[in-house]
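Enquirer:
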Amino acid sequence: MGKTEDSGVQERPKWDNKAQYLLTCIGFAVGIGNVWRFPYLCQIYGGGAFLIPYLIALVFQGIPLLYLELAIGQRLRLGSIGVWNSISPLLGGVGIASMIVSFLVCIFYNTIMAWVLWYFFHSFQNPLPWSQCPINESLTGYDVECEKSTPVNYFWYRETLNITPDIAVSGSLQWWMVVCLASAWCVVFICFIKGIESMGKAVYVTATFPYLVLTIFLVRALTLPGATDGLLYLFTPDWNILMEPRVWLDAATQIFFSLSLAFGGLIAFSSYNPETNNCERDAVVVGVVNSATSLYASISVFSILGFKATTAFNTCRTENILALTNHFHISDQNITLENYDTWFEYLNTTYTEEVAGLQLRVCDLQRFLDQSASGTGLAFIAFTEAVLEMPGSQVWAVLFFVMLFSLGLSSMFGNLEGVLTPIKDLKLLPKWIPLEVVTGSWVTCLISFLISLIFTLGSGNYWVEVFNGYVGSVPLLIIAFFEIIGVIYVHGIKNFSEDIYFMTGSRPNIYWKACWMVISPLMLLVVFVAYVIVQAQDHPTYPAWDPSYELFPETEVRPYPDWVFAIIILLSSVPVLPIPLVALYRLICRRRTSSARAEPNPYSNDGFEIETQEQYNQRSEKV
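Everything in the sequence shown is counted per full-length UniProt numbering, starting at 1 for the first residue and increasing by one.
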């Protein structure tokens, strides 16, 4: 960027070209969640069957809301706060709510970037540090916690997070994570050092490089043994699961959060467009590319997870073969992986008690596929373990974590822009505070870094899960609902249609109008009510990594303490409090102003026109 156009009082930047704008929007929408959350939802909700509610949510909820945000930002040429103040002063709190949510997401999202940097720095070691257990302090053997779990789990939970056994136990700051977190914020600051001008250049790399890496991984993954099993597991539909309400709820929320709606970043990005830009086409392109990326990433991820499951399956059978050959004195050349099932059935039928006494492992490929992790576990546990089995594991590890960092960085651009642009629109700062001091990215990055130090504590991972689960859920649903009500029913569908006609030369068709007026707000309302009901039925829980747990290395599912539950309620409600508070404040101000104008003034000649004592005296002297 760097070009500006005169808009009356202020000059507003413009994108250098259309590609820069589209890449920025795509980079903001496509994030780390496309790599780990979408594949997980496909896995647990019937494989290919999940695509049905997902596509329905995309067509009738995601893209219409995306179009609305891009159009209103481009027409009014303001950030989120300026847009909603222009539509109605009563809606000014919507922009403030978006800014708060974007800020909260920024502070925990960059912690994930710090984890990625930590793994990236260690990916150059040979062998990879998560490939084997460390020797304990007494040098008598391997670390007990590592032996009871796995080297991959140990590196994640102990050497990376140094996690506490409970969220109530804070632990100390982990200095290595503080360094990585500072590095992540420095990278974000460098990309924002000249505002959107430098960010616009950075997206050429951050938004395109992940597709290159995903393609490399896809080509390699499809050649791995077991890739077909992973893809069959992903796409084999389970139609019965569509009868469960939860699958529809998660599909609606996934497409909503995946497109980064209601954060304010998309409104800010579109405000730098020329007024004649075709925002309808942009919305369709960004929405389709985002969903296609999720599916594209899922093929790569499940090909690799299929390879991981097949490797674990064969290792399990190999251990059983060794036990059988040693016990029954059978040549190991007679029992192979190919004829294992035949031999096992024969021995188990002939020597049932002896085979039972060997306590052989249960080798079930489906079970190993079911163990595929989600969320952070997919990137930092399941995927890193799969990389160990690939030739040239260091190269694949470096590529994978560079890809994750690029995905996260492009999403951070939108989140941070959703904070900086509204601050500029507020215009509430005292004159003695320079605007550049507050809106300067270095100040925002520094404040965010200091607050996010909480995530580098021993309990930091637990708090990341809290913020991830509750900051970006209910608040975004409420914000989006008021956005669509504000544009369609306050600004008016007729006025909005004329705005679009002014920008694109054509008015929205019946599909867009039906979605905006009925379908999308109704879906948002239903999802919100269903989400609240589901969350209210059960006390929230979290997985605790506790080596003293009797079923360790499984994580222990514990309910959140009451004080943490109170924080969860605050995180879900406080960000949207500005919506009713600002509306109430401005209603009160409006009534006071109306009352003051209607009340007779003793210094007025007609009882309605407000007049000062000095003006009254001057008029009297003239008379």
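From the three backbone atoms N, C-alpha and C, an ideal C-beta is built for every residue, glycine too.
If you're wondering where the values come from, they're calculated on a predicted model, not measured in any experiment.
Between 39, 31, 63, 37, which lies nearest to residue 512 when the distance is taken from Cα to Cα?
Expert: Of the candidates 39, 31, 63, 37, the one whose C-alpha sits nearest the C-alpha of residue 512 is 63.
Enquirer: Give me, in chain order, the residues of the same chain whose beta-carbon lies closer than 8 Å to that of residue 249; leave out the 5 immediate sequence neighbours on both sides.
Expert: So the list reads 527, 530, 531, 534, once near-sequence residues are dropped.
Enquirer: Report yes or no: do three or more beta-carbon pairs, one from the region 561-573 and one from the region 545-553, lie closer than 8 Å?
Expert: In short, these stretches do not touch, since the Cβ pair count stays below three.
Enquirer: Write down the C-beta distance between residue 472 and residue 162 rounded to the nearest angstrom, noting that I regard them as a contact closer than 8 Å.
Expert: Not quite, the Cβ-Cβ distance comes to about 26 Å (not below 8 Å), so this is no contact.
Enquirer: Check for me: the beta strand (DSSP E) holding residue 557 runs from which residue to which?
Expert: Run containing residue 557: 556-559, per the beta strand (DSSP E) assignment.
Enquirer: Once you ignore the five residues that flank residue 255 on each side, which residues in its own chain have a CB closer than 8 Å to its CB?
Expert: The answer, listed in chain order, is 54, 57, 58, 61, 62, 291.
Enquirer: Sort 519, 545, 466 by Cα distance to residue 563 and report the nearest one.
Expert: Considering only alpha carbons, the answer is 466.
Enquirer: Since residue 579 and residue 521 should fall inside the 8 Å C-beta cutoff, what is the C-beta to C-beta distance between them, to a whole number of angstroms?
Expert: That belief does not hold up - the Cβ atoms of residue 579 and residue 521 are roughly 15 Å apart, past 8 Å.
Enquirer: Rounded to the nearest angstrom, what separates residue 450 and residue 174 at their Cα positions?
Expert: Rounded to the nearest angstrom, the two C-alpha atoms are 14 Å apart.
Enquirer: In three-state DSSP terms, what is residue 272?
Expert: In this structure, residue 272 counts as coil in the three-state DSSP scheme.
Enquirer: I need the boundaries of the beta strand (DSSP E) containing residue 543, first residue and last residue.
Expert: Here the beta strand (DSSP E) through residue 543 covers 541-544.
Enquirer: By alpha-carbon positions, which one of 544, 582, 153 ends up nearest to residue 168?
Expert: Ranking the options by Cα distance to residue 168, first place goes to 544.
Enquirer: Can you tell me the Cα-Cα spacing of residue 15 and residue 556, whole angstroms?
Expert: One C-alpha to the other measures close to 50 Å.
Enquirer: Taking all protein chains shown into account, do 16 or more other C-beta atoms lie within 10 angstroms of the C-beta of residue 406, making it buried, or fewer, making it exposed?
Expert: Flag for residue 406 reads buried.
Enquirer: What are the start and end residues of each continuous beta strand (DSSP E) run of 3 or more residues lying completely inside the region 132-189, in chain order?
Expert: With a minimum length of 3 residues, no continuous beta strand (DSSP E) run stays inside the region 132-189.
Enquirer: Apart from the five residues just before and just after residue 602, which ones in its own chain have a Cβ nearer than 8 Å to its Cβ?
Expert: Because residue 602 sits at a pLDDT of 48, beneath the cut-off of 50, its placement in the model cannot be relied upon, and the point is left open.
Enquirer: Give the C-beta separation of residue 298 and residue 222 to the nearest angstrom, bearing in mind that I take them to be a contact with Cβ-Cβ under 8 Å.
Expert: That belief does not hold up - the Cβ atoms of residue 298 and residue 222 are roughly 13 Å apart, past 8 Å.
Enquirer: How would you call residue 191, buried or exposed, if buried means at least 16 neighbouring beta carbons within 10 angstroms?
Expert: Residue 191 should be labelled buried.
Enquirer: Tell me whether the region 375-395 and the region 147-156 touch, counting them as touching only if at least three CB pairs, one residue from each stretch, are closer than 8 Å.
Expert: Flag = yes, the region 375-395 and the region 147-156 touch.
Enquirer: Whose C-alpha, out of 344, 205, 108, 317, is nearest the C-alpha of residue 363?
Expert: Answer by Cα proximity: 317.
Enquirer: Below 7 Å CB to CB, which residues in the same chain sit around residue 116 once its five sequence neighbours on both sides are set aside?
Expert: Hits under 7 Å: 401, 404, 405, 408.
Enquirer: How many Å lie between residue 210 and residue 203 at the Cα?
Expert: Cα to Cα, the separation comes out at about 11 Å.
Enquirer: Work out the CA separation of residue 172 and residue 224 for me, nearest whole Å.
Expert: Between residue 224 and residue 172, the C-alpha separation is close to 42 Å.
Enquirer: Could you check which residue in 423, 588, 187, 112 has the C-alpha nearest to that of residue 78?
Expert: Here the closest residue by C-alpha is 423.
Enquirer: Am I right that residue 214 and residue 394 are in contact with their C-beta atoms under 8 Å? What's the rounded C-beta distance?
Expert: Wrong, their Cβ atoms sit about 19 Å apart, outside the cutoff.
Enquirer: Under the rule that 16 or more other beta-carbon atoms within 10 Å means buried, what is residue 34, buried or exposed?
Expert: Buried, since its Cβ has 16 or more Cβ neighbours within 10 Å.
Enquirer: Would you call the region 257-270 and the region 31-51 touching, i.e. three or more CB-CB distances under 8 Å?
Expert: Taking 8 Å as the limit for Cβ pairs, the verdict is that the region 31-51 does touch the region 257-270.
Enquirer: By the DSSP assignment, the alpha helix (DSSP H) with residue 291 in it spans what residues?
Expert: Counting along the chain, the alpha helix (DSSP H) containing residue 291 begins and ends at 279-328.
Enquirer: Rounded to whole angstroms, how far is the Cβ of residue 73 from the Cβ of residue 261, which I believe are closer than 8 Å?
Expert: Between residue 261 and residue 73 the Cβ distance is about 12 Å, and since that is not below 8 Å, they are no contact.
Enquirer: DSSP three-state call for residue 192: helix, strand or coil?
Expert: Coil, per DSSP.
Enquirer: Could you compute how far the alpha carbon of residue 80 sits from the alpha carbon of residue 94?
Expert: Rounded to whole angstroms, residue 80 to residue 94 spans 8 Å at the Cα level.
Enquirer: Okay, do the region 272-283 and the region 496-509 touch, 3+ Cβ pairs below 8 Å being the bar?
Expert: Taking 8 Å as the limit for Cβ pairs, the verdict is that the region 496-509 does touch the region 272-283.
Enquirer: Starting from residue 569, trace the alpha helix (DSSP H) both ways and give me its first and last residue.
Expert: Run containing residue 569: 562-573, per the alpha helix (DSSP H) assignment.
Enquirer: Identify the continuous alpha helix (DSSP H) that holds residue 699 and give its terminal residues.
Expert: Lying outside 1 to 623, the shown extent of the chain, residue 699 is not represented and no answer is given.
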